[in-house]
Every structure is written in structure tokens, then in C-alpha cells.
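Worksheet: one structure, shown below.
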Amino acid sequence: MRVVVNGDAYEREVEARRTLADFLRDDLGLVGTHLGCEHGVCGACTVLLDGTTARSCIVYAIQVDGAEVTTVEGLAPPEGPLHPLQAAFRECHGLQCGFCTPGFLMTALEFLRERTNPSEDEIREALSGNLCRCTGYHGIVDAVRLADAGSER
28 MRVVVNGDAY EREVEARRTL ADFLRDDLGL VGTHLGCEHG VCGACTVLLD GTTARSCIVY
88 AIQVDGAEVT TVEGLAPPEG PLHPLQAAFR ECHGLQCGFC TPGFLMTALE FLRERTNPSE
148 DEIREALSGN LCRCTGYHGI VDAVRLADAG SER
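In my numbering, the protein residues as written are 28 to 180.
Here it is in C-alpha cells:
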């Protein structure tokens, strides 16, 4: 299979039953994609697949042959400044334990690319497929709003 992950091209042989999440974590060492439920319910494993959110725990790696995948590691360079969405999460305390944060970031990224000046209800609806057991969601919603306000469109 051939795939571009965070701008880097990879060619690998993978077992037919290997999930994209396992491929990213175990084969490529990109451990920012977290596995929570492994049923596509919690959103912790959310990545962008050709620019659209996908639950990497229920996508087989072989299904992304020829595709472009963006993980949370692809949002900002390792030594560079944070992505505006990451900075907003930090500023608004949109994380506590951080386990769910990568999935929220990827979901919010797609949402803000499609929607400008969203209401609180629209943000909550867009994020409703991602679960957080720590924050109560207020900081997360505030972070998405702040990132939208600071975006250059």
C-alpha cells in the first residue's frame, strides 16, 4: 500500500485486517492517534483522510491506499509553533488528561474549514461524536470559538 501521512510518502505491506490506527501507531510511530473504544464511537482515533474526518480504528490500513492522511502530529512542526487550534486548546484549558484531545483537534479542524463564525450549538453538534470524560466540554467549545476568531480566511 502507498499512503501519504502528514506530507511524507510511505510504501508498506500490511495485513488485510490491520487497522489504520494500528498502522499509524505501531508501524509509523505516530502515537498521537489514540485508541479508546476501538468501535468508532469515542472519536479519540479521529484523523483526516483526504481532508475528511475518519475513525482510524474502524478503517483498514489497506483502504487508505493512495490516500492522504493527516494525524495530530501533522498539525504543527515538531520544533515550530503550535497550530492555532492547538494554541486555543491550551489557552482555553480545553484539555485535562489529553487522551481525547487529538480527536477533538482533528474534528474541529475539519469543522472550521467548512464553517465560519459558528454558534455554540453548532460547535457542540460538530463535536458531538467525540467523547471527553474530564472537561465538561466548555473549554473545548471555547477553544474552537477562539481558533475560529483568530483564523485567517
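Yeah, the Cβ is synthetic: ideal placement off N, Cα and C, and Gly gets one too.
Under DSSP, the beta strand (DSSP E) around residue i begins and ends at which residues?
i      : result
Asp35  : 35–38
Leu75  : 73–76
Arg151 : No beta strand (DSSP E) holds Arg151; the alpha helix (DSSP H) holding it covers 147–153.
Arg142 : Counting along the chain, Arg142 falls outside any beta strand (DSSP E), and DSSP gives it neither H nor E.
Thr97  : 95–97
Val32  : 29–32
Please report how far the alpha carbon of residue i lies from the alpha carbon of residue j, in whole angstroms.
i      : j      : result
Pro105 : Val74  : 18 Å
Ala94  : Val168 : 30 Å
Asn144 : Glu42  : 43 Å
Gln90  : Val96  : 11 Å
Asp65  : Val58  : Note that residue 65 is Glu in the sequence shown here, rather than Asp. Distance between the alpha carbons of Glu65 and Val58: 15 Å.
His120 : Leu132 : 13 Å
Glu137 : Tyr37  : 24 Å
Would you mind sorting residue i into buried or exposed? The rule is 16 or more other CB atoms within 10 Å of its CB.
i      : result
Cys84  : buried
Pro111 : buried
Leu175 : Here residue 175 is Asp; the residue named in the question, Leu, does not match the sequence. Buried, by the Cβ-count rule.
Thr46  : buried
Arg117 : exposed
Arg52  : buried
I believe residue i touches residue j by the beta-carbon criterion, under 8 Å. Please report the beta-carbon distance rounded to the nearest angstrom.
i     : j      : result
Ala48 : Phe126 : Incorrect: roughly 14 Å between the Cβ atoms, too far for contact.
Where does the unbroken alpha helix (DSSP H) through residue i begin, and where does it stop?
i      : result
Arg117 : 111–118
Val171 : 165–176
Would you say the beta carbon of residue i is closer than 7 Å to some non-hydrogen atom of the ligand GDP?
i     : result
Ile85 : Of ligands this structure carries none, so the ligand GDP is not represented either.
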